[in-house]
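Scroll down for the structure; my scribbles are underneath it.
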Amino acid sequence: MNSILKELAEKLSINSVNTSLWNFIVDKKKPVYQDVFDTSCGNCNKIIELPGRYIVVVGAGASHDALKNLKLGRDAGNELINHFKRKSKIVSGLITEEIERLENVYQLNKNDFETKLLAISKFFSKEVKKKLSELYNFRYYPSLTYEIIAHLLKHRFIDAVINFNYDELLDQAIEDELQQNEYKKVISEGDFDEGLFRDDNTLKHPLYIKPHGTCNNPSSLRFTREDYFALPPGISMIIRRLLKGKTVNINNQEKETPINLIVIGFHMQSFEFNKLFVDSFTPDSKIYFINKSIPDAPVKKPGDTDGDKEKWDKFTEMFTEHNLLKVEASNRNSYKTRKDSLDGIMNELWKKIENSFNEKYKPRCISRNELISYLFKRHELENELDYLWDRTWVELVLSVSKYKGFSTLYQLLKDRFGKYFFLLQRKQDHKKSLNKSNTKTIIDFCNELGMSSVGYSERAFILGPENNSMIIDRETFEKRIPEIFDKLYNKVSDKTRQRLKKSKKLFKSILLELFDKEDSEIYPEYGNYYFQSVFKNPKVIETGLSLKYYTRHYIKEKDWTTLLIVAETGEWFTKEIDKHHKKKVVLIIADKAKENDLKNYNNTHTHQLNWWQHNQHMTIFLKGKKSNLEPLQAIYFMKSHKGNYIDPVFLDNKQDCEKLIKIFIAYCNKAKNNAEIEINNLQLNTEIGPDDVKKFYSEYF
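FYI, in our numbering the residues of the sequence shown are 2 to 702.
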């Protein structure tokens, strides 16, 4: 098992790098892998690794592992049969006859879930959808496996998830992890969009596809023979394009990218999906099974279209124990899951992925996901309101830790706390007996956690005393954790309280880990009207990995002599540049949390511009001296009101960089003058003229 896990972890790690930096790898021919990966990663020495496409395929076994109350196909089929047979003896006989007909005429197994659905739907087409929706109406049951899948999708280790389940356990995990426009969800015929794919068939956004529909939308449920075995044309088209991969040019040779499936709790009995995979089959494609057993190799049914026999044979050859990560046990009701459980295998896979990267490029940790899946695992939900109440409080504490004790309403509204706060409000609104005066606002939540408002209009909240800095230091935060824990402990329900008590030490370590990590989330906007209208050639930076690599790569370049930076605290600058550097730096910060560190840097001029007065962050590299300074390249993104969702672009066009320099000078003037005025972003370019640029250069350089 370890060798398969290691192989899969390395492939997923390389896929993340290729997704983030493929054009850079090909254009620059730089040793990206050697820079990013730890020496223990077996593939780190390769100059260029052929990019693949990695697709997670999820079946009923994964959801059943997350929630034992969720019935597997055979049990669900029996419950539906019994429900509809109870209507009358005549109906009971007709359903039995139809099941026998499907077995004799279409060679379907009479015990299969799908066969029973087909038989019932002949007589109760509308009612069966409603009953099926009720049977699988599960959403708020966190699962570590689904949390990890969502995390892999968010950070582009995998390209797509195809979920054949009706339930919405995975839907919720993905909605928690990604913003609405950060991925494309496909559940109906009309969701096909050519814009999902670029000209080279790469994906703009990760895809989440539910070919059989979803219980929250009963009309989308598909289970007739035609629906179940022949996907709707629009969905079929998306999956076909997805499975096609892309053709890349490496060393003047055209190569087809492999397609890799990671099958979790699924038995690969969707005939059309299998055929689409076979039709798109390319060399080096592979299937990894994370199941209790290897599914029976699919066989062609009478009437199936004949495909390429050689490809079909290669496909069925993959159904072997050599490709199996065998799930032996269910998860225990504790934080430490069994290594041979589904959660345990997925957790081990993530650890191997994490360990593939060197320290500077390690991906965002999954500690918060582990905590959530433990606190609410198999949560005996007596009512949904209790869960949403507890989850909202836990998410607030996690958010405050991530934001280092200083949060704005803008931040909180967009992150997980905001999502669960509105879910809680909606659930409370449905409780007619609820006294509306008891409904809490976000401000109430923050105040009851011990945060106080700062600034004006209660737009921001701080956990500690306001000194020179809004962001509190690590030592102060660590001292506040027992108080935070006690407040949370007294807010949540008894069952969550019991688990909090058992995980107190873990809870503290996770809060500190979140505090120590970078809080920005990459949220690429390909059609950003501001970037497109102001710059000639903005290049979207799609992932946190690519932002880190671009920044570090160009800092290491020896050509630049001058750096212009607008940042939150300048902390990243102190980590990447030696304090005895000989180059020139002008730095504009919003918060003085790292002021003492910055004072120790040579040739560095630092100014402060309050966080509510600036929303444009940039790093501009220049070459030359004084008035002969020429821009080389720049990284730029918007960050309004300390929001942590950013959409960075890379600029290497001289005119684009010159526009950015003018914006920087306007900010610098504003910081020095401490102007309490708002400057329109689009007017900044015209307010700064050539003489202003020369004056700025002569003053600092």
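Ideal Cβ positions, reconstructed from N, Cα and C, are used throughout, including at glycine.
Cβ shell of residue i (< 7 Å), same chain only, five flanking positions each side left out
{"i": "ILE443", "result": "LEU410, LEU413, PHE422"}
{"i": "LYS86", "result": "VAL92, SER93, ILE96"}
{"i": "SER4", "result": "none"}
{"i": "GLY304", "result": "Any reading at GLY304 must be qualified, since the residue scores a pLDDT of 48, below 50, and its modelled position is unreliable; the value itself is stated next. Cβ neighbours of GLY304 beyond the five flanking positions: none."}
{"i": "LYS437", "result": "Below a pLDDT of 50, predicted positions are generally treated as unreliable, and LYS437, at 48, falls in that range; no measurement from the model is reported."}
First and last residue of the uninterrupted alpha helix (DSSP H) at residue i
{"i": "HIS606", "result": "Unbroken run through HIS606 is the beta strand (DSSP E), 605-609; no alpha helix (DSSP H)."}
{"i": "GLN656", "result": "655-674"}
{"i": "MET238", "result": "234-245"}
{"i": "VAL279", "result": "272-280"}
{"i": "THR562", "result": "Premise fails: THR562 is in no alpha helix (DSSP H) and is neither H nor E."}
{"i": "ILE443", "result": "443-449"}
{"i": "LEU599", "result": "596-600"}
{"i": "TYR490", "result": "475-492"}
{"i": "VAL694", "result": "691-701"}
{"i": "THR97", "result": "90-107"}
{"i": "PHE316", "result": "310-318"}
Same chain only: Cβ atoms within 8 Å of residue i, ignoring 5 sequence neighbours per side
{"i": "SER699", "result": "LYS627, SER628"}
{"i": "THR575", "result": "LYS595, ASP598, LEU599, TYR602"}
{"i": "GLN270", "result": "PRO296, PRO299"}
{"i": "GLU577", "result": "THR552, ARG553, ILE556"}
{"i": "HIS581", "result": "ASN603"}
{"i": "LEU661", "result": "MET619, ILE621, PRO632, ALA635, TYR637, LEU652"}
{"i": "THR477", "result": "GLY406, GLY465"}
Rounded Cβ spacing between residue i and residue j (contact assumed at less than 8 Å)
{"i": "LEU51", "j": "VAL33", "result": "14 Å between Cβ atoms; not a contact."}
{"i": "TYR701", "j": "GLU385", "result": "In fact, because the Cβ distance is near 59 Å, the residues do not count as touching under 8 Å."}
{"i": "VAL592", "j": "SER408", "result": "The sequence given here places Asp at residue 592; Val does not occur at that position. About 13 Å; that fails the 8 Å criterion."}
{"i": "PRO80", "j": "LEU6", "result": "Inspection of the sequence shows that residue 80 is occupied by Glu rather than by Pro. That belief does not hold up - the Cβ atoms of GLU80 and LEU6 are roughly 36 Å apart, past 8 Å."}
{"i": "PHE193", "j": "LEU372", "result": "The pair is not a contact, with the Cβ atoms about 38 Å apart (cut-off 8 Å)."}
{"i": "LEU546", "j": "VAL18", "result": "7 Å"}
{"i": "THR570", "j": "LEU630", "result": "At roughly 26 Å, the Cβ-Cβ gap does not stay under 8 Å, so THR570 and LEU630 are not in contact."}
{"i": "ILE210", "j": "TYR55", "result": "Incorrect: roughly 14 Å between the Cβ atoms, too far for contact."}
{"i": "ILE149", "j": "MET347", "result": "5 Å"}
Nearest to residue i (by Cα), restricted to the options the options
{"i": "PRO632", "options": "SER641, PHE622, LYS640, MET639", "result": "PHE622"}
{"i": "TYR147", "options": "GLN173, SER331, LYS361, ILE636", "result": "GLN173"}
{"i": "PHE316", "options": "LYS537, GLY60, PHE282, ASP520", "result": "PHE282"}
{"i": "TYR289", "options": "ILE265, LEU222, LEU661, ALA461", "result": "ILE265"}
{"i": "ARG242", "options": "LYS405, CYS216, ARG199, PRO284", "result": "ARG199"}
{"i": "LYS310", "options": "ILE291, GLU322, ASP280", "result": "ASP280"}
{"i": "THR215", "options": "VAL401, GLN35, ASN166", "result": "ASN166"}
{"i": "LYS247", "options": "MET238, LYS480, ILE240, GLU257", "result": "GLU257"}
{"i": "THR393", "options": "ASN217, GLU355, LYS363, GLY419", "result": "GLY419"}
{"i": "LYS549", "options": "ALA330, LEU153, PRO649", "result": "PRO649"}
{"i": "SER237", "options": "TRP351, VAL187, ASP285, PRO259", "result": "VAL187"}
{"i": "ASN275", "options": "LYS293, ASN252, ILE251, LEU232", "result": "LEU232"}
{"i": "ASP391", "options": "PHE358, GLU329, GLN499, VAL455", "result": "GLN499"}
{"i": "ASN250", "options": "ALA667, ASP201, ARG339", "result": "ASP201"}
{"i": "ASP474", "options": "MET452, VAL37, PHE516", "result": "PHE516"}
First and last residue of the uninterrupted beta strand (DSSP E) at residue i
{"i": "LEU633", "result": "631-639"}
{"i": "GLN254", "result": "254-257"}
{"i": "SER454", "result": "453-455"}
{"i": "LYS557", "result": "First-last for LYS557: 545-557, but that is the alpha helix (DSSP H), not the beta strand (DSSP E)."}
{"i": "PHE267", "result": "Per DSSP, PHE267 belongs to no beta strand (DSSP E) and is neither H nor E."}
{"i": "LYS624", "result": "617-624"}
{"i": "TYR209", "result": "208-210"}
{"i": "LEU588", "result": "585-590"}
{"i": "LYS287", "result": "287-291"}
{"i": "LEU515", "result": "Premise fails: LEU515 lies in the alpha helix (DSSP H), 505-517, not in any beta strand (DSSP E)."}
{"i": "THR248", "result": "248-251"}
{"i": "LEU413", "result": "Here LEU413 belongs to no beta strand (DSSP E); instead the alpha helix (DSSP H) covers 410-415."}
Beta-carbon proximity list for residue i, same chain, < 6 Å, skipping 5 on both sides
{"i": "GLY191", "result": "none"}
{"i": "LEU435", "result": "Confidence at LEU435 is low in this model, with a pLDDT of 49, below 50, so its placement is unreliable and no value can be given for it."}
{"i": "LYS287", "result": "ASN261"}
{"i": "THR607", "result": "LEU588, LEU599"}
{"i": "LEU145", "result": "ASP344, SER374"}
{"i": "LEU501", "result": "TYR490"}
{"i": "VAL58", "result": "ILE163, LEU262, VAL264, PHE267"}
{"i": "PRO364", "result": "HIS156"}
{"i": "ALA676", "result": "Residue placement at ALA676 is flagged as unreliable, the pLDDT there being 47, under the threshold of 50; the coordinate-derived value follows with that caveat. If we look at ALA676 and ignore the five residues flanking it on each side, it has no Cβ neighbours."}
{"i": "GLN454", "result": "The amino acid at residue 454 is misidentified as Gln; the sequence shows Ser. Around SER454: PHE462."}
{"i": "LEU277", "result": "ILE240, ARG241, LEU244"}
Residue i: CB within 8 Å of a non-hydrogen atom of the ligand FMN
{"i": "ASN112", "result": "In the structure on display, the ligand FMN does not appear, and there are no ligands present to speak of."}
(message) So within the stretch 350-407, which uninterrupted alpha helix (DSSP H) runs reach at least 4 residues, ignoring any that extend past its ends?
(response) 368-376, 385-403
(request) Go through the stretch 122-202 residue by residue and report every complete run of the alpha helix (DSSP H) that reaches 4 residues or more, in order. (result) 126-136, 145-155, 170-178
(request) Within the stretch 22-86, note down every full beta strand (DSSP E) run reaching 3 residues or more, in order along the chain. (result) 54-59
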